[in-house]
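Have a look at the structure below, then the notes.
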Amino acid sequence: VIRSGCFCAAQHLHICLLMFTDAEVSCQFGQSCILPCRFTPGDHLEIYWIQLTTTLANVHSYYDNKDQLEVQDQRFRGRTSLFQDQISKGNASLQLTGVMVQDQGRYRCYTITNTDEITSLLTVQIVYGKRNNNSFLTEIKQICK
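Residue numbers (mature numbering (1 follows the signal peptide of the UniProt record, and there is no 0)): -23 to -1, 1 to 122.
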């Protein structure tokens, strides 16, 4: 963890921006995958998962103590969830189900509390297993239509 940019936002409030180094996650095609993200617990929590594409796809958002999926990119609808019982312990990891070819790439987990802002970056690689070859070929055919 690299700490940088600590500053005084009010008389007794210090806000620090934290940046984690890049991580790599391998996800099995067609299966569930966990994208790890940790933060320092605090009040007024906001969690944003973004896929870093040319359009910055909104993967999952959480604030006001609940999931906020109204602006979620349609490619991720019904396939993402946080571990609700772990959020208060600093776990903002995302579970992604039905992993697809388009899920490969870079992601940013951005958490905000009353005292910290933390950005975690990770790269998702898709791994293909023998038992998933038929599903993979079907998905490739759909992409190439």
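Backbone N, C-alpha and C fix where the C-beta goes; we use that ideal spot for every residue, glycine too.
Here the structure is a predicted model, which means the values were calculated and not measured.
(message) Please state the DSSP three-state secondary structure of Asp80.
(response) It is helical.
(message) Short of 6 Å in beta carbon distance, which residues of its chain neighbour Ser58, apart from the five on each side in sequence? Order them along the chain.
(response) So the list reads Gln72, once near-sequence residues are dropped.
(request) Might you give, ordered along the chain, the residues of its own chain that have their beta carbon closer than 6 Å to the beta carbon of Cys10, omitting 5 neighbours on each side? (result) Only Cys4, Leu73, Val76 meet the Cβ criterion.
(message) Please return the same chain residues whose Cβ sits closer than 8 Å to the Cβ of Asp41, not counting the five positions on each side in sequence.
(response) There are no such residues.
(message) Assuming contact is defined by CB atoms lying nearer than 7 Å, are Asn91 and Asp20 in contact in what I supplied?
(response) Yes, Cβ-Cβ distance for Asn91 and Asp20 is below 7 Å.
(request) With a 10 Å radius around its C-beta and 16 neighbouring C-beta atoms as the bar for buried, classify Tyr84 as buried or exposed. (result) Buried: at least 16 other Cβ atoms inside 10 Å.
(message) Once DSSP output is grouped into helix, strand and coil, what is the label at Gln28?
(response) Looking at Gln28 - three-state DSSP - the assignment turns out to be strand.
(message) Check this for me: beta carbons of Ile89 and Glu47, under 7 Å apart or not?
(response) Cβ atoms of Ile89 and Glu47: not closer than 7 Å.
(message) Does Val104 pass the burial test, meaning 16 or more other C-beta atoms within 10 Å, or should it be called exposed?
(response) It is exposed - the Cβ of Val104 has fewer than 16 other Cβ atoms within 10 Å.
(request) Can you check DSSP and say which residues form a bridge with His37? (result) DSSP lists Trp26 as the beta-bridge partner residues of His37.
(message) Using 7 Å as the threshold, is the C-beta distance between Tyr87 and Thr100 below it?
(response) Going by C-beta atoms, Tyr87 is not nearer than 7 Å to Thr100.
(request) Starting from the Cα of Asp(-2), find the closest Cα among Leu98, Ser70, Gln28 and give me that residue. (result) The residue with the shortest Cα to Cα distance from Asp(-2) is Leu98.
(request) May I ask which residues mark the beginning and end of the beta strand (DSSP E) holding Leu98? (result) 93 to 104 is the extent of the beta strand (DSSP E) around Leu98.
(message) Given this structure, state the Cα-to-Cα distance separating Trp26 from Asp50, to the nearest angstrom.
(response) Approximately 11 Å, taken between the alpha carbons.
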